[in-house]
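What follows is a short report on a single structure.
Below, the structure written as structure tokens:
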């Protein structure tokens, strides 16, 4: 039988799956040998082949691995770019949870050297989880962003972020955490010089089950009274109380001064 060469040519398809598998093996070998540049290139080729094969999840994983090789090479901005690219592909693939985890990981990597970028990544991760109605994870990530916004002195944005956090915790009925967010809000608003907004936060929190009469509530009422009365001694006592002194929040570490009218 004579082979129809034309028909055989058009029936041939590249074996992207096989090529991706070989590149993955090569990448691991390079990685184990600490040859991170070659490992990164192999992971990028693997990602390319998976993309051609419409295997977006596996392509995203390969891009993420390439990013980790760049991290090991101390090329953090380039690493973050690839992890962000991977997160977009995860979302396109319908695996948004994995995208959120990747963005959170990227935020942790970049936080020691670029707080602004870390805020952006945590906010993106929070948005991904919020869109999936995973409010606990979204609120936790917003908490990371809020903390860094305070550290960056972007207090207006921190106030907005804290309110969004608090709303999420209220929706999932985690009221004790809402109380702590109220404290953070009050401190941020006072640092912003907005006593009215701080007072409003406490008043709105009276509707939260268990807040009225709680240690958190009494402490904030005392703080606001001291601030309003320009009572430095009372203010100092509240700020040095265990409730505020040991808060895991950058804003609690900044000294509050009463206003000069």
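Residue numbers (full-length UniProt numbering): 1 to 261. Just so you know, even glycine gets a beta-carbon here, dropped at the ideal spot from N, CA and C. Computed from a predicted structure; not experimentally measured.
In terms of CA proximity to residue 40, 78 leads the group 99, 78, 123, 233. Annotation: residue 190 to residue 38 spans about 53 Å, alpha carbon to alpha carbon. Residue 166 and residue 33 have their alpha carbons spaced roughly 48 Å apart. Where residue 101 is concerned, the enclosing alpha helix (DSSP H) starts and stops at 96 to 110. Annotation note: the stretch 173 to 222 contains the following uninterrupted alpha helix (DSSP H) runs of length 4 or greater, listed N- to C-terminal: 175 to 192, 195 to 205. Rounded to the nearest angstrom, the Cβ distance from residue 192 to residue 156 is 7 Å, consistent with a contact under 8 Å. The DSSP-derived three-state label of residue 233 is helix. Within its own chain, the residues whose Cβ lies closer than 7 Å to the Cβ of residue 125, once the five positions on either side in sequence are excluded, are 100, 103, 104, 107, 141, listed in chain order.
For residue 83 against residue 94, the beta-carbon gap comes to about 19 Å, at or over 8 Å, which does not count as contact. The alpha-carbon separation between residue 223 and residue 168 amounts to approximately 26 Å. With the rule of 3 Cβ pairs closer than 8 Å, the stretch 38 to 57 counts as touching the stretch 20 to 28. Between residue 115 and residue 151 a beta carbon distance of about 6 Å is seen, short of the 8 Å cut, so the two are scored as contacting. Between the stretch 221 to 237 and the stretch 194 to 206 there are three or more C-beta pairs closer than 8 Å, enough to call the two in contact.
Secondary structure of residue 88 (DSSP, three-state): helix.
Less than 8 Å separates the beta-carbon of residue 136 from that of residue 172. In its chain, beyond the 5 residues on either side, 202 have a beta carbon closer than 8 Å to the beta carbon of residue 221. DSSP, reduced to helix, strand and coil, places residue 241 outside both helices and strands of the structure shown, so it counts as coil. Here the C-alpha atom of residue 29 lies approximately 19 Å from the C-alpha atom of residue 48. Between the beta-carbon of residue 149 and that of residue 128 there is about 19 Å, and that puts the pair past the 8 Å contact cut.
Per DSSP, reduced to three states, the secondary structure at residue 132 is coil, with no helix or strand assignment.
With a cutoff of 8 Å on beta-carbon distance, residue 243 and residue 204 are scored as not near each other. Residue 36 and residue 64 have their C-alpha atoms spaced approximately 14 Å apart.
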